[in-house]
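First residue of the sequence shown: 210, per the working numbering; consecutive thereafter.
What follows is a set of notes on a single structure, which appears directly below.
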Amino acid sequence: TYLPVTLVVSGLVICGIAILIYRLLSHALRPLEELSKAMGEYSQGKRDVSITITNAAPEIQSLVDTFSTMRLKVDNYQAHLEHEVQERTQELNKAMEMAQSANRTKSAFLATIGHEIRTPLNGIIGMADLLTRRNLGEKENEFAKIIFRSGRTLLLMINEILDFSKAEAGKITMDIAPV
210 TYLPVTLVVS
220 GLVICGIAIL
230 IYRLLSHALR
240 PLEELSKAMG
250 EYSQGKRDVS
260 ITITNAAPEI
270 QSLVDTFSTM
280 RLKVDNYQAH
290 LEHEVQERTQ
300 ELNKAMEMAQ
310 SANRTKSAFL
320 ATIGHEIRTP
330 LNGIIGMADL
340 LTRRNLGEKE
350 NEFAKIIFRS
360 GRTLLLMINE
370 ILDFSKAEAG
380 KITMDIAPV
């Protein structure tokens, strides 16, 4: 006589446990699984992921809301950083253009001034050379030699500076010959 009652009570207990497990799955584990999936997609770079969970326990809904808030903050910060990078890149490009323009101006100046300095300097060197060949006094001849040597030294320095500017401009040619 107790057997049918025991079977009915056992059946009711099993049904109660099944309902409890179903509610646990639907209100706790499934929302947690959906949240975990959304977080995984977001961490893999899928920025448009969103999650809406209904009928979840308040603690789980709080986790979902926190994730959504965090996602928005991260997206806003990333957009801000991308904007900053674009601004800095534009500033860098502008600075590079200015530096290149200044470099071209410097090269043009050196090319022009090099010619303008060498022409009169060659005149001075030539005149000093002519003076050293004349019958001057010993002191005057020594002065002419000093002018000649100083002019040649100055001409060599100017030529080296101009060679550097040619090398910077990529206009230097190499003369390959056996040594």
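We treat Cβ as the ideally placed atom computed from N, Cα and C, and that holds for glycine.
Among the options, the one whose alpha carbon lies nearest that of residue i
{"i": "ILE381", "options": "SER316, CYS224 and ALA247", "result": "SER316"}
{"i": "LEU241", "options": "ALA227, THR321 and PHE276", "result": "PHE276"}
{"i": "GLU369", "options": "ARG239, GLY323, TYR211 and ALA247", "result": "GLY323"}
{"i": "LEU339", "options": "GLY254, ALA353 and ARG297", "result": "ALA353"}
{"i": "ALA265", "options": "GLU306, LEU233, GLU250 and GLN253", "result": "LEU233"}
Same chain, Cβ closer than 8 Å to residue i, five either side skipped, listed in chain order
{"i": "ASN331", "result": "LEU364"}
{"i": "ILE269", "result": "HIS236, ALA237, PRO240, LEU241, LEU244 and ILE262"}
Whole-angstrom C-beta distance between residue j and residue i, which should lie under 8 Å
{"i": "ILE367", "j": "ILE326", "result": "6 Å"}
{"i": "LEU158", "j": "VAL273", "result": "There is simply no residue 158 to check, as the chain begins at 210 and stops at 388 in what is shown."}
{"i": "ASN389", "j": "THR362", "result": "The structure shown does not extend to residue 389, since the chain is modelled only from 210 through 388, so no value can be given for it."}
Neighbour-count burial assignment, residue i, 16 or more Cβ in a 10 Å radius
{"i": "ALA311", "result": "exposed"}
{"i": "LEU229", "result": "exposed"}
{"i": "GLY360", "result": "buried"}
{"i": "ALA337", "result": "buried"}
{"i": "ALA247", "result": "buried"}
Same chain, Cβ closer than 6 Å to residue i, five either side skipped, listed in chain order
{"i": "SER374", "result": "SER316 and LEU319"}
Close beta carbons around residue i, own chain, < 7 Å, minus the five adjacent residues each side
{"i": "GLU250", "result": "VAL258"}
Next on the checklist: Across the stretch 281-297 and the stretch 258-266, are there enough close Cβ pairs to call them in contact, namely three or more that are closer than 8 Å?
Outcome noted: no
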